[in-house]
Amino acid sequence: MATSSSSSSRPALSPRFTPIEEGNEDDELSRSSFRATTPSDHHHHNPTPLHQNSSSEKRNKEGFSRKKVENGGVSCNNCRPNSRDKKISVVPVDNNIASPNGIFKSIFSTLVKKSYSPNSSSEGQYWKIAAAELSQKLVQATRKRDEAILEAYKLKYSMAELEKKLNKLEIYCQNLKSGLEVCTSNNKGSDNNKPQINYYPFGKVDGKVIESFLVSVSEARTFVRLLTRCLTLQLRQIGNKVYDRISLLLQPYEVKISISRNPRGLLMYLEALLNKIFFEDFESIGFQKNAPNLILNPIDFCEANYASFNRLQGLKWDEVLNKGTKHFSEDFSKFCDRKMSEIVAMLGWNRAWPEQLLQSFFGASKAVWLVHLLAHSVHPSLPIFRVEKGATFDSIYMEDSGGDKAQKLVPSIVRIMVTPGFYVYDNVVKCKVLCSKYVIPCNATLEMIKE
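The sequence shown begins at 104 in my numbering and counts up by one.
The following block contains the structure:
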């Protein structure tokens, strides 16, 4: 009954008053004031923290609210800030409302987020630009690398062509030198210092065979020297193990090699070792000691060797790659296999040979084999001669390869033979040697000087 009477006697609010959600506490307060008949009555509304249970405060609140209603309409702008300030100044109504420190933190975090998002976008754009620039630089570097590789290949090809031309020029000069020596020896037929060695070719052989023989000897020396250079380049990539092996082989000749101090000396001594292998058993048929004579007729034997020379003279490296040496000559193929095995055993090198080195080896083997065929194209065959360490130097039969270093000195004692020599009828193809001692011509004494 109390509840119904209180609800019916509720006063009407001013028409100019606009209800606000935040002012619900005042409405509940006015309702509770009309319901209260005695101080002992209890109502079911749970008061907010802003209102106390004392009735005096309730009456003051009720009178204060009525006074404001009677004074006329109250605008929202004047009402809400005052009530909000009053609420905030006492105690926060809701626990969810943050403290001032929390407000500052939230504002600061918002500012950080707002300030970070543009930076993050600009940073992403920056990395995109940097990645594009790096990609462009990588493309340019790759292009320059390809151009450099192509230029290196062109330069390498040009160097190979230049080396071939130099070899041809060297062969031509050697041929001129050999021809000059032949002409000089013919003009000095009555020279008492040179022994007369008479050879009478047996068979259909003319001066063309001798001329071809002299050219072949010069070519053989040139190609062996070229093989020495190619082999030296390969040995540099292997290491010091092979150099120790070469030093051990040269130990009987009292030679100490140094690739850094004297690379030319290493070439000369290695060339001497290779020539020793290539021209071993040169006097025997097919470079095989105690080999049987397959053709007993001397004329047929000479003609067979000369025909084999004409057949193999134009053999090219490309043809060997396609068909192999055995297709053109079985004896020549065995000679190549045997000499390669001896070189590998001498150096202790078990690696596969690159194509350039194989081509150089083929050129040297072919040139030496052609010299062998031409030497046995006449009867009796053209003999070879060699000199040993410690032999006395003889300028008629020997040529000092190190003479350019001691032009004012006269070589005296042979240290090592570089290339063998040949007797060509009444002429001589000199062998090349390196001497260990030289003498200075003097009226009183001869002073021995070590190299």
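Note that CB positions come from ideal geometry on N, CA and C, so glycine has one too.
Just mark residue i as buried or exposed, buried being the case when its beta carbon has 16 or more other beta carbons within 10 Å.
{"i": "ASN185", "result": "Confidence in ASN185 is poor, its pLDDT being 48 and thus under 50, which makes the residue's placement unreliable; the coordinate value appears in the next sentence. Its Cβ having fewer than 16 others within 10 Å, ASN185 is exposed."}
{"i": "TRP372", "result": "Checking the displayed sequence, the identity of residue 372 turns out to be Tyr instead of Trp. When all chains shown are included, TYR372 counts as buried."}
{"i": "LEU353", "result": "buried"}
{"i": "MET262", "result": "exposed"}
{"i": "SER484", "result": "buried"}
{"i": "LYS533", "result": "buried"}
{"i": "TYR260", "result": "exposed"}
{"i": "ARG414", "result": "exposed"}
{"i": "LYS257", "result": "exposed"}
{"i": "GLU236", "result": "exposed"}
{"i": "PRO561", "result": "In this structure the chain extends from 104 to 554, so residue 561 is not present and cannot be described."}
{"i": "VAL318", "result": "buried"}
{"i": "ALA613", "result": "Outside the displayed span of the chain (104 to 554) sits residue 613, for which this structure offers no information."}
{"i": "ASN396", "result": "exposed"}
{"i": "ALA244", "result": "exposed"}
{"i": "GLU173", "result": "Because the pLDDT at GLU173 is just 46, under 50, the model does not fix this residue reliably, and the point stays unresolved."}
{"i": "ILE300", "result": "Reliability fails at ILE300, whose pLDDT of 39 lies under 50, so the model's placement of it is uncertain and the value that follows must be treated cautiously. Exposed, because fewer than 16 other Cβ atoms sit within 10 Å of the Cβ of ILE300."}
{"i": "VAL320", "result": "buried"}
{"i": "ASN408", "result": "buried"}
{"i": "GLU491", "result": "exposed"}
{"i": "GLY466", "result": "buried"}
{"i": "THR495", "result": "exposed"}
{"i": "GLY427", "result": "exposed"}
{"i": "ILE232", "result": "exposed"}
{"i": "SER225", "result": "exposed"}
{"i": "ILE349", "result": "buried"}
{"i": "GLU322", "result": "buried"}
{"i": "LYS392", "result": "exposed"}
{"i": "ILE252", "result": "exposed"}
{"i": "ARG328", "result": "buried"}
{"i": "LEU377", "result": "buried"}
{"i": "MET242", "result": "A quick correction: the sequence has Val, not Met, at residue 242. It is exposed - the Cβ of VAL242 has fewer than 16 other Cβ atoms within 10 Å."}
{"i": "VAL358", "result": "buried"}
{"i": "CYS276", "result": "exposed"}
{"i": "HIS430", "result": "exposed"}
{"i": "LEU283", "result": "exposed"}
{"i": "LEU604", "result": "Limits of the chain in this structure are 104 at one end and 554 at the other, which puts residue 604 out of reach."}
{"i": "VAL423", "result": "buried"}
{"i": "PHE326", "result": "buried"}
{"i": "GLY310", "result": "exposed"}
{"i": "LYS280", "result": "exposed"}
Could you name the residues that DSSP lists as bridge partners for residue i?
{"i": "THR335", "result": "BP columns for THR335 are empty, so no partner."}
{"i": "TYR526", "result": "VAL531"}
{"i": "MET449", "result": "In the DSSP output, where bridge partners are listed per residue, MET449 has none listed."}
{"i": "CYS538", "result": "VAL517"}
{"i": "ILE341", "result": "Answer is none; ILE341 lacks a bridge partner."}
{"i": "GLU502", "result": "LYS535"}
{"i": "PHE488", "result": "GLY524"}
{"i": "THR495", "result": "ILE516"}
Our contact map puts residue i next to residue j with C-beta atoms below 8 angstroms; I'd like the distance itself, whole angstroms only.
{"i": "GLU527", "j": "VAL312", "result": "Here residue 527 turns out to be Val, not Glu, going by the sequence shown. Rounded, the Cβ-Cβ distance is 10 angstroms, inconsistent with contact."}
{"i": "SER411", "j": "CYS439", "result": "Actually they do not touch by this definition, with Cβ atoms about 15 angstroms apart."}
{"i": "VAL517", "j": "VAL531", "result": "16 angstroms between Cβ atoms; not a contact."}
{"i": "PHE390", "j": "ILE487", "result": "Actually they are not in contact, since the Cβ atoms of PHE390 and ILE487 sit about 12 angstroms apart, beyond 8 angstroms."}
{"i": "LEU368", "j": "ILE380", "result": "In the sequence as displayed, the identity of residue 368 is Gly instead of Leu. Contact flag wrong, Cβ pair sits at about 19 angstroms."}
{"i": "LEU460", "j": "GLN337", "result": "6 angstroms"}
{"i": "GLY505", "j": "CYS538", "result": "7 angstroms"}
{"i": "LEU477", "j": "SER315", "result": "6 angstroms"}
{"i": "ARG324", "j": "THR522", "result": "5 angstroms"}
{"i": "LEU370", "j": "PHE464", "result": "At roughly 16 angstroms, the Cβ-Cβ gap does not stay under 8 angstroms, so LEU370 and PHE464 are not in contact."}
Compute the minimum distance between the beta carbon of residue i and the heavy atoms of the ligand ATP, and state whether it is under 7 angstroms.
{"i": "ARG248", "result": "Questions concerning the ligand ATP fall outside what the structure shown contains, since it holds no ligand whatsoever."}
If we define contact as Cβ-Cβ less than 8 angstroms, is residue i a contact residue for chain B?
{"i": "LEU377", "result": "Although the question refers to chain B, the structure presented lacks it and comprises just one protein chain."}
Inset, instruction - Inspect the CB distances between the region 442-458 and the region 335-351 and report whether three or more fall short of 8 angstroms. - result: yes
Inset, instruction - Mind the definition here: the region 487-507 touches the region 387-400 only if three or more C-beta pairs lie below 8 angstroms; say whether that holds. - result: no
Inset, instruction - Would you be able to state if there are at least three C-beta pairs under 8 angstroms between the region 457-475 and the region 429-446? - result: yes
Inset, instruction - Could I get the ranges of all uninterrupted alpha helix (DSSP H) runs contained in the region 344-387, with 4 residues as the minimum, in chain order? - result: Secondary structure remark: continuous alpha helix (DSSP H) runs of at least 4 residues inside the region 344-387, in chain order: 366-381.
Legend entry - Sequence ranges, beta strand (DSSP E) only - wholly within the region 404-467, length at least 3: The beta strand (DSSP E) runs of length 3 or more contained entirely in the region 404-467 do not exist; there are none.
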